[in-house]
Amino acid sequence: MQHKLNLYNTLTRKKEVFEPLHAPFVGMYVCGPTVYGEPHLGHARSAVTFDVLYRYLKYLGYKVRYVRNITDVGHLENDADEGEDKIQKRAKLEHLEPMEVVQHYTNIYQKDMATLNAKSPDIEPRASGHIIEQIQMIQEILENGMAYEVNGSVYFDVPAYHKNNNYGKLSGRIIEDLLSNTRETEGQEEKRSPLDFALWKKASPQHIMRWPSPWSDGFPGWHLECSAMSRKYLGETFDIHGGGLDLMFPHHECEIAQSQASHSHSDAARYWVHNNMITVNGQKMGKSLGNFINLSELFSGNHKMLEQAYSPMTIRFFILQAHYRSTLDFSNEALQAAQKGYRKLMNGLRVLDKLVYPDEPATPDEKLNEELLKLAEDCFRGLNDDLNTARTIASLFNLLKKINSLYLGQLPLGALTRGTFDTVRAAYTELVLDVLGLKEEPAGDLEEMLDLVLGFYKEAKENKAYDKVDAIRAELKKQGIVIKDLKTGIDWAYEE
Ligand SMILES: [Zn+2]
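In this text, residue positions in the sequence shown follow the working numbering: the first is 303, and each later residue adds one.
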């Protein structure tokens, strides 16, 4: 393989050359959404980041199994072990079955991610479909002495685990600090230590989502599903575990603990990869802060903070023009710049399409060939350096300058060798389309374009320029559109 991908591994806190456990196979697990509300920019960032990683790994020739879960049970309101299940709460508000809520928001999530051109994962398992696997994992942890049962609930015993392991190895948290900063809160009396977390919760009588288990009718703790499902589909140890930085603690720390304390005895993944958060004017984006923008609002422009609608590819470009480990600050200016940048890259594709390598090339200009090959190679350097799409986009723009010069005749196309020409074209088109996953969006609105043409038609008719009138009619007919001269004016219809 020509390119070496380096990834920053949160677990080791350094960039490492990516070597899969069983090349050419790669297993990648990414934490998916809790489906109780519409997807927002934060969901998009995680999905697009790992989509590019997935695409690039495939581009490098790996056979990737990409698993991204749907959390449809067990994620409680405050992200800890208290409060109501997020989905059950929503279901009550909307007078729906919890699984109706799940299906509704799963559909929207999948549709929005497809709109952003993020490929579907190879497996998209749901927590509620893997209760048996989760119960089995709890049993293993109990057998290994790192969990305990109280009143039908089972808790992970963090201090017992920490004796021979390191709770905090992923997040860098120190268990003593965590202990001194954690207060005993209501509903937590069952826990021996405030750091312990639920593996199984006994359901209260009004709790709808419940399953039988050896301990009680209840439901699994939130962290457990990812351990159980990643193991089921990718094995006890697999290559990459991804997710948003907000999931690193406690969610991913607990996943590692569960995996180590079960019969897997492993950190689950060898490379833990985290994308950073979206901020709004430097502030964290969050439901409680009221600075929250759903993807449907971005696409329609229908939100008080938006000056205009932004197309899905503009959003995708906006996400990609920052490195995934940096925070990404939302603003209208940044999105408008992204719109320009995206269009510039697309124009490059159009120019490349029109460039035809001459039948009789000139003597190759060695310096020019070298320069262009280097620029093409640079485009991969960013990606290989911890998936730095920001650098890759900057390199693509540098390459595009030369492509435009070739197109305008400022540089002699014939002085390139056929090999250089093909390499440049392949690098640009494959990176833009296949790896960054950008695609052409229709330019403008069909109705508005037709109105424009009908204006010309009307003008030609008034000027009795009948050859022009006929030509416009004929051209539109080729597109399956007929012009109707009505008493009330000129209109169009699809040809029947
Ligand atoms: Zn997860």
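Ideal placement from N, C-alpha and C gives every residue a C-beta, glycine not left out.
This structure is a prediction, so every number in the text was calculated from the model and none was measured.
Cβ atoms of E340 and I389 stay farther apart than 8 Å, at about 14 Å.
At a Cβ-Cβ threshold of 8 Å, L547 and N577 count as neighbours. Ordered by chain, the residues meeting the criterion of a beta-carbon within less than 5 Å of a non-hydrogen atom of ligand 1 are C333, C528. For I389, the enclosing alpha helix (DSSP H) has its first and last residue at 388-396.
Within the DSSP bridge table, the entry for M330 names Y368, I542 as partners. Of G716, N649, Y450, the smallest CA-CA separation from D661 is found for G716. Looking at the DSSP output, F458 bridges to A449, F499. The continuous stretches of beta strand (DSSP E) do not include Y730, which lies in the alpha helix (DSSP H) extending over residues 720-731. Proximity to L418 across L622, G470, Y573 peaks at L622, based on C-alpha coordinates. CA-to-CA, the gap between S515 and R693 works out to about 51 Å.
Under the three-state reduction of DSSP, R315 is assigned to coil, being neither helix nor strand. Buried is the label assigned to V354, since at least 16 other Cβ atoms lie within 10 Å of its Cβ. With 16 or more other CB atoms across the displayed protein chains lying within 10 angstroms of its CB, D459 is buried. Between the C-alpha atoms of H397 and H543 there is a straight-line separation of about 36 Å. Annotated three-state conformation of K676 is helix, per DSSP. DSSP assignment within the segment 606-638 yields the following whole beta strand (DSSP E) runs of 3 residues or more, N-terminal first: 630-632. Within the same chain, and ignoring the five residues on either side of A664 in sequence, the residues whose Cβ sits closer than 8 Å to its Cβ are P714, G716, A717. Counting along the chain, P400 sits inside no beta strand (DSSP E); it lies in the alpha helix (DSSP H) bounded by residues 400-417. Taking the Cα of E442 as reference, the smallest distance to any Cα among Q560, V369, N311 is reached at Q560.
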